[in-house]
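Enquirer: Got a structure for you, written out below as structure tokens; questions coming shortly.
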Amino acid sequence: MVEPYDAQAVERKWQQRWESEGTYEVDNDDPRPPYYVLCMYPYPSGPAHMGHVRNYTFGDLIVRHRTMHGHAVLSPFGFDSFGLPAENAAIKTGVHPRVFTEERIPELTDSVKRMGAVYDWRREVRSHDPEYMRATQTIFLRLWEAGLAYRAKAPVNWCPGCHTVLANEQVRADGTCDRSGDVVQKRDLEQWFFKITAYAQELLDDLDGLEWPERVKVMQRNWIGRSEGAEFEMAVEGTEHRLRVFTTRPDTSFGMTYAVIAPEHPLALEITTPEQRAAVEDFVAQVRMASDVERLSSEGPLEKRGVFTGAHAVNPFNGKPVPVYLADYVLMTYGTGAIMAVPAEDQRDWDFAKAYGLPVVRTVQPPEGWQGEAYPGEGPRINSEWLDGIVDTGEAKAKAVEWLEAEGIGERKVNYRLRDWLLSRQRFWGCPIPVVNCPDHGAVPVPESQLPVVAPDDVEFRPTGESPLRFHEGFLRTTCPICGGPAERETDTMDTFVDSSWYFLRFCDPQNRLLPFSQEAVERWMPVDQYIGGIEHAILHLMYARFFTKALADVGLGPPSLREPFRRLFTQGMIRMDGTKMSKSRGNLVGPGRYLDTTGADALRLFHLFVGPPADDVDWSDQSDEVIEGCARFLRRVWRLALEPEQAAPPPAEPDNVERASHRVIARVSDEYERWSYNTAVASLMEFTNLLYKEGATDFAVDTLLLLLAPMAPHITAELWERRHGAHIHAQRWPTADPTKLTLESTTMVVQVNGKVRDRLEVAPTIVAEEAERLALASPRVQELLAGAPPRKVVVRPPKLVNIVH
RNA sequence: GUCGGAGUGGCGGAAUAGGCAGACGCGCUAGCUUGAGGGGCUAGUGCCCGCAAGGGCGUGGGGGUUCAAGUCCCCCCUCCGACACCA
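With positions in the first sequence counted from 1, the corresponding number in this note's numbering is that position plus 124.
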């Protein structure tokens with residue numbers, strides 16, 4: 125009797141071997157073809173949870189699989205180590221965020237290693253490492269120099285209770301402060317932005333070339349929100365002012381019955397008549413004070429609020445004056461902040477018109493029996509002079525734009541929903557923005573020789589949540605790099621998305637002290653061949669990282685040809701429990717610890733692969749423990765099969781059958797790996813194992829099983845391979861199927877009568893149609909059902925099926 | 001509201017090109033192994049009728065195309081996710 129499988133001992137042994145032998149360390153001059161596998165680097169929140177386990181199971185499987193295909197696989201690990209939780213802990217307990225964070229990192233590292241996930245730990249990066257900060261700050265300064273970073277006033281979340289600015293994450297969904305519960309207000313402050321909008325079109329176009337999940341691409345396209353239309357000017361009666369509006373429906377311009385400008389519009393007070401002045405000022409103040417609460421609290425179509433300015437704009441299409449309103453449904457941040465309102469063809473305008481008693485003029489004839497309100501569909505133009513009768517909207521739009529351009533009052537225009545990236549955070553635990561504010565010279569860059577700007581250690585965290593940097597004289601007081609006069613340091617830090625927008629480049633060249641990374645190193649590995657992470661990063665992180673890659677190339681830091689960072693993206697499903705996401709904040713976290721201590725890492729990895737398609741959410745249930753036990757049972761069966769074939773599965777009576785089955789499983793499982801169909805790959809290997817128990821095992825069959833299982837269950841397969849061959853399984857080449865051995869000796873042919881299965885026949889896979897039909901008709905079951913009558917029709921699909929219609 | 005995804009046994013899920021629905025596993029049932037342990041092995045397990053042979057029904061609901069539909073087309077229902085006044 126062979127010794128039982130001791131998962132603990134075997135897993136410990138191999139984890140130590142992989143680490144001490146540096147099995148998965150790769151150098152930049154490795155001669156093998158490069159392959160870059162990357163899991164989104166984590167925030168170090170403590171020991172790994174099941175979401176991490178799932179993520180790193182897929183990542184590690186690919187690392188080992190690609191290695192067995194002869195690639196030099198770059199598989200680095202790092203930490204997104206700036207962020208709010210450490211700062212909140214500091215406010216609560218007084219422990220410095222760096223100390224707090226650095227205690228969490230080994231906890232996560234440890235559980236990752238115990239899963240058997242392998243990385244080139246020499247390349248580890250941490251966002252809060254001063255060397256990493258130096259690079260992040262260098263990048264910021266280069267982007268600023270190139271005009272891709274700028275400072276502007278922008279509304280921030282202001283908590284009147286805490287007397288401080290809040291990050292978006294600190295504002296609850298209902299618009300209140302998550303610490304004091306006060307209603308958060310908007311205030312204008314000087315903030316830093318990255319000009320991501322300069323890349324809107326390229327970010328949109330380049331999506332087409334990426335092997336990403338379609339739904340992620342759709343989300344990004346919607347986020348960028350390209351829309352084509354026209355911009356034109358209107359005279360404001362009795363003034364010199366001209367009002368510019370953007371519309372996607374210039375073809376409906378004859379139906380404009382009023383115009384609307386945003387409450388923040390610079391002309392708002394300029395054009396307001398004296399009689400309306402008080403009402404308008406009142407309305408503007410009201411909108412400015414209004415927090416997001418009111419907007420978020422109401423369900424369904426929002427009530428539109430506005431006020432008449434007393435002014436009239438002239439519709440250039442027909443020369444008619446229309447009243448100009450202020451309304452909160454028009455946003456200053458999109459288009460020109462002003463619109464022509466056409467209630468007949470736009471539901472929002474319709475709602476406002478009804479609320480304020482404004483007229484509706486249809487310019488598109490709705491279909492017979494139209495019951496709705498605004499009609500945005502197709503139909504013949506009416507009430508539109510020279511557009512009348514045109515049915516095709518595209519044609520009508522083109523004609524309207526041509527007219528605007530010919531008259532010199534407007535032109536074709538493309539707008540994007542995408543906004544510039546506000547990167548300032550009024551927080552301590554982030555990368556400081558390397559800027560000095562001089563009374564004479566304004567915002568001045570910190571010279572690169574003085575980088576990194578690092579936050580001091582002797583800081584006091586206030587329960588109000590204010591950044592301690594604002595009260596730290598030693599940090600705050602400095603001199604202007606230009607004039608040497610007294611100046612103040614910028615106390616805002618960068619959004620942590622800045623750190624994560626380029627870390628994948630740093631992994632290529634992690635020790636570089638002169639530059640964030642060298643172009644040669646990046647050219648060697650980038651783009652990432654397989655990026656793996658959660659769907660929750662579908663928009664922000666992935667959009668920002670794409671923007672950075674393009675911008676870095678354009679400012680000369682990145683290779684000019686590298687326009688996209690992630691060639692292939694895979695987004696794994698979440699772990700759910702009782703229908704909600706498993707997360708620390710919900711307190712329903714299940715850790716891997718007890719499984720690693722008992723059934724072992726291989727069984728847990730197998731569970732994650734087997735439980736369902738990788739992209740689907742996983743429901744963690746009472747059944748999960750039993751399924752993990754089932755995976756462990758399968759591994760024990762493999763163990764006995766490999767070490768004790770005489771007992772478990774004596775040599776087969778028909779070795780040829782087993783050999784053919786081995787080649788078929790190679791072909792099938794190899795394909796399943798390529799298609800990310802790991803759940804069926806595990807099933808295929810279980811099926812194959814069952815077959816070997818039943819039919820008997822050969823050495824070739826067992827070796828095949830171990831090789832195909834090696835990326836999924838690395839410890840047990842490594843141990844078994846070493847015992848059988850004295851070699852390292854993950855250094856073996858991936859097996860290839862012999863195409864001449866894929867066919868079966870015989871196959872089951874189904875015989876249907878009127879589409880219902882009535883018989884099954886064992887036939888040769890090479891059977892020809894005539895023979896198949898003859899055999900089918902000769903079947904006693906078929907004879908019985910036909911009762912002597914000739915079949916009306918016989919459909920033959922050899923060798924799988926014959927369908928007899930009668 | 002708009003966009004996207006999904007509905008298959010008691011459960012997780014298979015079904016690559018329209019061709020045996022339910023692979024594999026969990027659970028359950030029976031038997032064997034008789035040194036218990038979260039042990040090992042074998043067989044069975046969609047539902048209904050039947051002792052059986054066999055028959056009928058069956059992939060959210062309704063229609064359609066086809067010799068043949070989980071898969072293709074039309075309508076409807078439910079659930080999940082993203083965006084949510086972007087002119």
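No residue lacks a Cβ here, since even glycine has one placed at the ideal position from N, Cα and C.
Computed from a predicted model, the values in this text were never measured in an experiment.
From Pro279 to Arg412, what does the alpha carbon distance come to, in whole angstroms?
Expert: One-based indexing of the first sequence puts residue 279 at position 155. One-based indexing of the first sequence puts residue 412 at position 288. Rounded to whole angstroms, Pro279 to Arg412 spans 10 angstroms at the Cα level.
Enquirer: Quick one: grab the DSSP three-state call for Leu925.
Expert: Translated into the one-based positions of the first sequence, residue 925 becomes position 801. DSSP places Leu925 in strand when its eight states are reduced to three.
Enquirer: Could you please give the first and the last residue of the uninterrupted alpha helix (DSSP H) stretch that includes Glu227?
Expert: Locating residue 227 in the first sequence gives position 103, where the first residue counts as 1. Start and end: 221-238.
Enquirer: Which residues mark the beginning and the end of the beta strand (DSSP E) in which Pro610 is found?
Expert: Translated into the one-based positions of the first sequence, residue 610 becomes position 486. Run containing Pro610: 610-613, per the beta strand (DSSP E) assignment.
Enquirer: If the criterion is Cβ atoms closer than 8 angstroms, does the pair Lys277 and Asp544 meet it?
Expert: The sequence position of residue 277 within the first sequence is 153, counting from 1. The sequence position of residue 544 within the first sequence is 420, counting from 1. Going by C-beta atoms, Lys277 is not nearer than 8 angstroms to Asp544.
Enquirer: My output table needs one value for Lys137: the three-state DSSP class, helix, strand or coil.
Expert: Working through the first sequence from its first residue, we reach residue 137 at position 13. In this structure, Lys137 counts as helix in the three-state DSSP scheme.
Enquirer: Going by the DSSP bridge assignment, what does Pro737 pair with across the sheet?
Expert: Translated into the one-based positions of the first sequence, residue 737 becomes position 613. Note: Pro737 sits in no beta bridge, so no partner.
Enquirer: For the putative contact between Pro838 and His849, defined by C-beta atoms under 8 angstroms, what is the C-beta separation to the nearest angstrom?
Expert: As a working note, residue 838 is residue 714 in the first sequence. As a working note, residue 849 is residue 725 in the first sequence. Their Cβ separation, rounded to whole angstroms, is 16 angstroms, which puts Pro838 and His849 out of contact at 8 angstroms.
Enquirer: Excluding the 5 residues preceding and the 5 following Arg536 in the sequence, name in chain order all residues of the same chain whose CB lies nearer than 7 angstroms to its CB.
Expert: Counting from one through the first sequence, the residue named residue 536 turns up at place 412. Once the five neighbours on either side are set aside, the close Cβ partners of Arg536 are Ala354, Val525.
Enquirer: Given this structure, state the Cα-to-Cα distance separating Leu420 from Asp306, to the nearest angstrom.
Expert: Counting from one through the first sequence, the residue named residue 420 turns up at place 296. Counting from one through the first sequence, the residue named residue 306 turns up at place 182. Confidence in Leu420 is poor, its pLDDT being 45 and thus under 50, which makes the residue's placement unreliable; the coordinate value appears in the next sentence. Straight-line Cα distance between these residues: approximately 16 angstroms.
Enquirer: If you measure between the beta carbons of Glu509 and Val438, is that distance less than 8 angstroms?
Expert: Reading the first sequence from its first residue, position 385 is the one you call residue 509. Reading the first sequence from its first residue, position 314 is the one you call residue 438. Contact flag unset, no.
Enquirer: Using the DSSP secondary-structure output, state which residues sit across from Asp743 in a beta bridge.
Expert: Position 619 of the first sequence, counted from the first residue, corresponds to residue 743. Answer is Arg700, bridged to Asp743.
Enquirer: With burial defined as no fewer than 16 other Cβ atoms inside 10 Å of the residue's Cβ, what is the status of Val919: buried or exposed?
Expert: For the purposes of this step, residue 919 is taken as residue 795 along the first sequence, with counting starting at 1. Exposed: under 16 other Cβ atoms inside 10 Å.
Enquirer: Return the first residue and the last residue of the beta strand (DSSP E) that Thr813 is part of.
Expert: Working through the first sequence from its first residue, we reach residue 813 at position 689. Note, Thr813: premise wrong, no beta strand (DSSP E); alpha helix (DSSP H) at 802-819.
Enquirer: Do the stretch 226-239 and the stretch 254-269 touch if we need at least three Cβ pairs shorter than 8 angstroms?
Expert: As far as the Cβ criterion goes, the stretch 226-239 does not touch the stretch 254-269, which means the pair count is below three.
Enquirer: Just to check my reading of the structure: Ile659 and Thr695 have Cβ atoms closer than 8 angstroms, yes? What is that Cβ distance to the nearest angstrom?
Expert: Here the question's residue 659 lines up with position 535 in the first sequence. Here the question's residue 695 lines up with position 571 in the first sequence. Right, their Cβ atoms sit about 4 angstroms apart.
Enquirer: Within its chain, find whatever has a CB closer than 8 angstroms to the CB of Arg366; leave out the 5 residues flanking it on each side and keep chain order.
Expert: On the first sequence, residue 366 is found 242 positions in, with the first residue counted as 1. Excluding residues within five positions, the ones whose Cβ falls inside 8 angstroms are Glu357, Met358, Ala359, Val360.
Enquirer: Got a sec? Which residues, its chain only, sit under 7 angstroms from His732 by beta carbon, not counting five neighbours each side?
Expert: Reading the first sequence from its first residue, position 608 is the one you call residue 732. Result list for His732: Val177, Arg178, Thr181, in chain order.
Enquirer: Compare the C-alpha of Ser624 against each of Ser205, Asp153, Ile790, Glu145 and name the closest.
Expert: Numbered from its first residue, the first sequence carries residue 624 at position 500. Minimum Cα distance to Ser624 is reached at Ser205.
Enquirer: State the beta-bridge partners of Phe690 as determined by DSSP.
Expert: Position 566 of the first sequence, counting from 1, holds the residue named residue 690. BP columns for Phe690 point to Val652.
Enquirer: In chain order, which continuous runs of the beta strand (DSSP E) of length 3 or greater are located wholly inside the stretch 420-485?
Expert: With a minimum length of 3 residues, the continuous beta strand (DSSP E) runs that stay inside the stretch 420-485 are 430-438, 445-451, 462-465.
Enquirer: Under the criterion of a Cβ to heavy atom distance below 7 angstroms, does Pro168 qualify as lining the ligand PLP?
Expert: Ligands displayed in this structure: none; no statement on the ligand PLP is therefore possible.
Enquirer: My output table needs one value for Val622: the three-state DSSP class, helix, strand or coil.
Expert: As a working note, residue 622 is residue 498 in the first sequence. Three-state DSSP puts Val622 in a helix.
Enquirer: Under the three-state reduction of DSSP, which class applies to Ile533: helix, strand or coil?
Expert: In the first sequence, residue 533 corresponds to position 409, counting from 1. The answer is coil: DSSP assigns Ile533 none of H, G, I, E or B.
Enquirer: Near Arg541, which residues of its chain fall below 6 angstroms by C-beta distance, leaving aside the five closest residues on each side in sequence?
Expert: Here residue 541 refers to the residue found at position 417 when the first sequence is read from its first residue. Gly349.
Enquirer: Below 8 angstroms between beta carbons: does that hold for Ala766 and Ala861?
Expert: Against the first sequence, residue 766 aligns to sequence position 642. Against the first sequence, residue 861 aligns to sequence position 737. Result no, Cβ atoms of Ala766 and Ala861 do not sit closer than 8 angstroms.
Enquirer: Need the endpoints of the alpha helix (DSSP H) that Phe631 sits in, please.
Expert: Reading the first sequence from its first residue, position 507 is the one you call residue 631. From DSSP, Phe631 is part of no alpha helix (DSSP H); its letter is neither H nor E.
Enquirer: Starting from the C-beta of Asp741, find all residues in its chain whose C-beta is less than 7 angstroms away, skip the five residues before and the five after it, and write them out in chain order.
Expert: Taking the first sequence and counting its residues from 1, the one referred to as residue 741 is at position 617. Hits under 7 angstroms: Gly697, Met698, Arg700.
Enquirer: Three Cβ pairs or more, each shorter than 8 angstroms: is that satisfied between the stretch 644-653 and the stretch 159-172?
Expert: Enough Cβ pairs lie closer than 8 angstroms, so yes.
Enquirer: Find out if the Cβ-Cβ distance for the pair Leu232, Gly175 is shorter than 8 angstroms.
Expert: Counting from one through the first sequence, the residue named residue 232 turns up at place 108. Counting from one through the first sequence, the residue named residue 175 turns up at place 51. The answer is no: Cβ separation not under 8 angstroms.
Enquirer: Determine the direct distance from the alpha carbon of Pro835 to that of Pro576, and round the result to whole angstroms.
Expert: Counting from 1 along the first sequence, the entry for residue 576 is found at position 452. Counting from 1 along the first sequence, the entry for residue 835 is found at position 711. Near 41 angstroms, if we compare the C-alpha coordinates of Pro835 and Pro576.
Enquirer: Just the Cα atoms here: how many angstroms apart are Gly424 and Trp474?
Expert: The residue given as residue 424 occupies position 300 in the first sequence. The residue given as residue 474 occupies position 350 in the first sequence. At Gly424 the pLDDT is 40, less than 50, meaning the model places this residue with poor confidence; the figure from the coordinates comes in the next sentence. Going from the Cα of Gly424 to the Cα of Trp474 covers about 16 angstroms.
Enquirer: For a test of the three-state rule: what should DSSP assign to Ala855, helix, strand or coil?
Expert: Within the first sequence, numbered from 1, the residue matching residue 855 stands at position 731. Here Ala855 sits in helix by DSSP.
Enquirer: Checking 8 angstroms against the spacing of the C-beta atoms, do Ile385 and Ala462 come in under that value?
Expert: Taking the first sequence and counting its residues from 1, one reaches residue 385 at position 261. Taking the first sequence and counting its residues from 1, one reaches residue 462 at position 338. Yes, the Cβ-Cβ distance between Ile385 and Ala462 is below 8 angstroms.
Enquirer: Across which residues does DSSP place Gln309 in a beta bridge pair?
Expert: In the first sequence, the residue the question calls residue 309 occupies position 185. Trp282.
Enquirer: Count the other CB atoms, across all protein chains shown, that sit within 10 Å of the CB of Asn927; report buried if there are 16 or more and exposed otherwise.
Expert: What you label residue 927 is simply residue 803 of the first sequence in a count that begins at 1. Asn927 should be labelled buried.
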